[in-house]
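Colleague:
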Amino acid sequence: MIYDGQCGMEEPQPHLRGPTPPRRRPCQTVAAANMRPATSSEELRKRNSTRRTVLQTLARFLRPTGHQSRQGNAASTRPRHRSKKSNCASDEQGCSQVSGRHEAQQGSQLGVAHLGKFAHEKEMPQWLAKALVKNGYVSAHDMIPVLAQLLEHSSGTVRAYLCHPCVQHISKLRREGGFCGYRNIQMLISYIIGAKAFGAEVFGNRVPSVFDIQDLIEAAWDMGHNPQGRIETGGIKGTRKFIGTSEAQALFNSLQIPSPVQSFRDSEDGAAASKLLQAIDHYFKAGCGGNDESKKVQTTSLPPVYLQHQGHSLTVVGIEERKDGRLNLLVFDPSCRDSAVLKRHVGRRVCKDMAGAGDLAEPYRRGAKYLIKQKEFEILCLSSKTRTSASETL
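So in UniProt numbering, spot 247 of the sequence shown is number 247, and the numbers just go up one at a time.
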């Protein structure tokens, strides 16, 4: 249900696959999240056992291992697929799913239309498993401050709000396929770790790998969090099946990290996109606190937002208002990588008169032209609590 690729970056090309039905209805997702096992002694023993499984999984990935991420310039030397119009590459399949699945039959496993062309595979190829273990992911740190400077110098920007600057832009490896959902989860966890937010003690200083995330989701299903996901996917451990907001929510809720999901659906063209933009705009405005409203660009302490639409998922790191009144989401796309030009400005000042400074922010924008194609969106938000603050933004 999603496309894949790598950018350097421009607006991604339209996904060529035909439309696919979404997953479960969001209301069923939320209802499943509130399910709790029975309180019999047998069920209590089972619950304690699955909690131990979660702790064992966490203990495993918190041990120091080989390369967990390929950072900055090292990653930029890797060969990339490039299209004629941008540095954004697109694999043949997508990489996540809208977690509605409301047209799926209850109690049955979904197929290729929902889980991708590897919906029925039992195990991913060994070459891919080795690549994921060896290389982990591509990570760019401190891109939010660079993006803030670009927006400040953009003549078309009236105002902009950005999330916490600690969020990493985590991108997929070459040829890894449809793991966008996992990469977005990793970006949310990079916020939890960097901001020392609610749940930071769970992860320590390490972003979990794709395999760790699969183990945590499976353990979450065992604990009764969105358990329908296991029936619909047939299990995800060691596979390339797509995941969505349902699986992300199950993971965070199982670790007692609040992660409410909100859905926007409308059959009228552009209506769902308009509701989404308004909700994200309100989210960042409400999170400014006592910040100076006269500032053109404001960096907040808010978490990023997991955004799912039919065919792809993104991490929303901010919102921008243009002179003509249009709103643009500011996103980190796991199918895309930051350009070498921008990475050279990490930790440095971006000069106002730098050639094309305003255009360098364009790859991070997703406006009406991109969003209007969709009839349904889901967002997952994390708690903005830190260890030293009890204030709740959402």
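Ideal Cβ positions, reconstructed from N, Cα and C, are used throughout, including at glycine.
Considering only the alpha carbon of each residue, which of D338, C381, L380 lies closest to P363?
Modeller: Checking every option, the nearest Cα to that of P363 belongs to D338.
Colleague: Among the candidates N226, L251, T239, whose CA atom is the shortest distance from the CA of L188?
Modeller: Of the candidates N226, L251, T239, the one whose C-alpha sits nearest the C-alpha of L188 is L251.
Colleague: Can you give me the start and stop residues for the alpha helix (DSSP H) that L253 sits inside?
Modeller: One detail in the question is off: residue 253 reads as Asn in this sequence, not Leu. Counting along the chain, the alpha helix (DSSP H) containing N253 begins and ends at 245 to 254.
Colleague: Would C163 and G318 qualify as a contact pair, given that the criterion is a beta-carbon distance under 8 Å?
Modeller: Contact flag set, yes.
Colleague: Give the straight-line distance between the Cα atoms of G238 and L216, rounded to the nearest whole angstrom.
Modeller: In a straight line, the C-alpha of G238 is about 12 Å away from that of L216.
Colleague: Tell me the rounded alpha-carbon separation between P227 and K296.
Modeller: Each residue's alpha carbon lies about 44 Å from the other.
Colleague: Excluding sequence positions up to five away, which residues of its chain have a Cβ less than 6 Å from the Cβ of R366?
Modeller: Contacts found: L329, V331.
Colleague: Here's a check: name, in chain order, each residue in its chain whose Cβ is nearer than 6 Å to the Cβ of K323, leaving out the five neighbours to either side.
Modeller: For K323, where only same-chain residues beyond five positions count, the Cβ hits under 6 Å are G156, V158.
Colleague: So the beta strand (DSSP E) E121 belongs to, where does it begin and stop?
Modeller: Element bounds for E121: n/a, residue is neither H nor E.
Colleague: Using DSSP with H/G/I as helix, E/B as strand and the rest coil, what is N328?
Modeller: In this structure, N328 counts as strand in the three-state DSSP scheme.
Colleague: Roughly how many whole angstroms lie between the Cα atoms of L371 and G270?
Modeller: Those two C-alpha atoms are separated by around 7 Å.
Colleague: Tell me the rounded alpha-carbon separation between R344 and G311.
Modeller: The straight-line gap from Cα to Cα measures roughly 32 Å.
Colleague: Counting Cβ pairs, one atom from each stretch, are 3 or more of them under 8 Å apart for the stretch 229 to 243 and the stretch 111 to 124?
Modeller: In short, these stretches touch, since the Cβ pair count reaches three.
Colleague: Spatial neighbours of A220 within its chain, please: CB distance less than 6 Å, with the 5 preceding and 5 following residues excluded, ordered by chain position.
Modeller: Same-chain partners within the cutoff: A250, L251, S254.
Colleague: Specify, as a first and last residue, the run of the alpha helix (DSSP H) that C180 falls within.
Modeller: Where C180 is concerned, the enclosing alpha helix (DSSP H) stretches over 180 to 194.
Colleague: What did DSSP end up calling L307 once you bin it into helix, strand or coil?
Modeller: If DSSP states are grouped into helix, strand and coil, L307 belongs with the strands.
Colleague: In or out: Q278 buried (at least 16 other Cβ within 10 Å) or exposed?
Modeller: Burial call: exposed.
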